[in-house]
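Take 19 as the starting number for the sequence shown in our numbering and just add one per residue. For every residue, glycine included, the Cβ atom is placed at its ideal position computed from N, Cα and C.
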Amino acid sequence: MKLNRQRLSDQVYEILKDMISNYRFSPGARINVEKIAKEIGVSRTPVWEAVHRLMQEGLLENVPNRGVFMTVLTPKAALEMYTVRQVLEGLAARLAAENVNEKAIRRMEACLEKQGKAVEKEDLIGYSKLDFEFHAIVYELSGNQILQETLESIKNKMRPIAMMITPILPELYKHHVKILQALKKRDAAEAEKAFIEHNQCMIDQIRVSGLSESWKEVVSFKK
């Protein structure tokens, strides 16, 4: 893979983040810096710089005397994140309803069209990327930079959750449709309610999945 003169660590950071988005590493998986450096075709230094950025974002963690690993979220941590996200996304939706424009609506419609196809194919990776895109548009429409950055940070930290549970894609897709319908009507209260319900769906699923043996096994890795 040939990289241009843009700062290597920035490029490697984007490559690693893309690998995480594509579920290249499962929760608790060890990150082999040397192997990644060889695969990308760079020295270990820019890879380590990128790894440190991802550690700061909460996607990777350093386990003393063991190495760097994909972050493992406990059900408690996942629920805490969703509880905060539920409130903040509700606020973002309310603000977005006041600022929405035709261009944004067309972007969301195009995104939902692709989401529908991903749901039909049961394409979790494809849907996950489109989910990020849809939410990012709403965050942007909120017009509040602090809120946008906070939500993007929280959503990034929550990436491992999708690998711990099996989202009910058709149901999540229907929630997105309801959110867009509310935004088209510029109904702030309805948009907020739709986003809260969207998050509640995932909260309920985490409460059930958190009792599964597979999640317990991965979490026990950290102990």
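> Taking the alpha-carbon positions, what's the N50 to W66 distance?
Replying inline: In a straight line, the C-alpha of N50 is about 10 Å away from that of W66.
> Going by Cα to Cα distance, which pick from M88, P82, L201, G161 is closest to K35?
Replying inline: Comparing Cα positions, the closest option is M88.
> Which same chain residues, not among the five before or five after I186, have their C-beta less than 8 Å away from its C-beta?
Replying inline: C219, Q223, listed in sequence order.
>> With DSSP as the reference, identify every bridge partner of M176, one or two as the case may be.
In response: As DSSP reads the structure, M176 sits in no beta bridge.
>> Spatial neighbours of A136 within its chain, please: C-beta separation below 7 Å, excluding the five flanking residues on both sides.
In response: Residues of the same chain with a CB within less than 7 Å of the CB of A136, apart from the 5 flanking positions on each side, are G144, Y145, L148 in chain order.
>> Between which residues of its own chain and I38 is the CB-CB distance below 7 Å, once the five residues before and five after are set aside?
In response: L77, R177, listed in sequence order.
> By a C-beta neighbour count over all protein chains shown, 10 Å radius and 16 as the cutoff for buried, is S114 buried or exposed?
Replying inline: For the sequence presented, residue 114 should be read as Ala rather than Ser. Its Cβ being crowded by 16 or more others within 10 Å, A114 is buried.
>> Using only CA atoms, which one of K53, K211, L109, K203 lies nearest to V118?
In response: With respect to the C-alpha of V118, the residue from K53, K211, L109, K203 having the closest C-alpha is K203.
> Can A110 and L72 be called in contact, C-beta distance under 8 Å?
Replying inline: Result no, Cβ atoms of A110 and L72 do not sit closer than 8 Å.
>> Given this structure, state the Cα-to-Cα distance separating A96 from I179, to the nearest angstrom.
In response: Each residue's Cα considered, the two are about 7 Å apart.
>> My output table needs one value for V60: the three-state DSSP class, helix, strand or coil.
In response: Coil at V60, not helix or strand.
>> List, from N- to C-terminal side, the beta strand (DSSP E) runs of 3 residues or more that fit wholly inside the segment 65 to 121.
In response: For the segment 65 to 121, whole beta strand (DSSP E) runs of length 3 or above, ordered along the chain, are 78 to 81, 85 to 88.
>> Using DSSP's beta-bridge definition, name the partner residues of R48.
In response: In the DSSP output, where bridge partners are listed per residue, R48 has F87.
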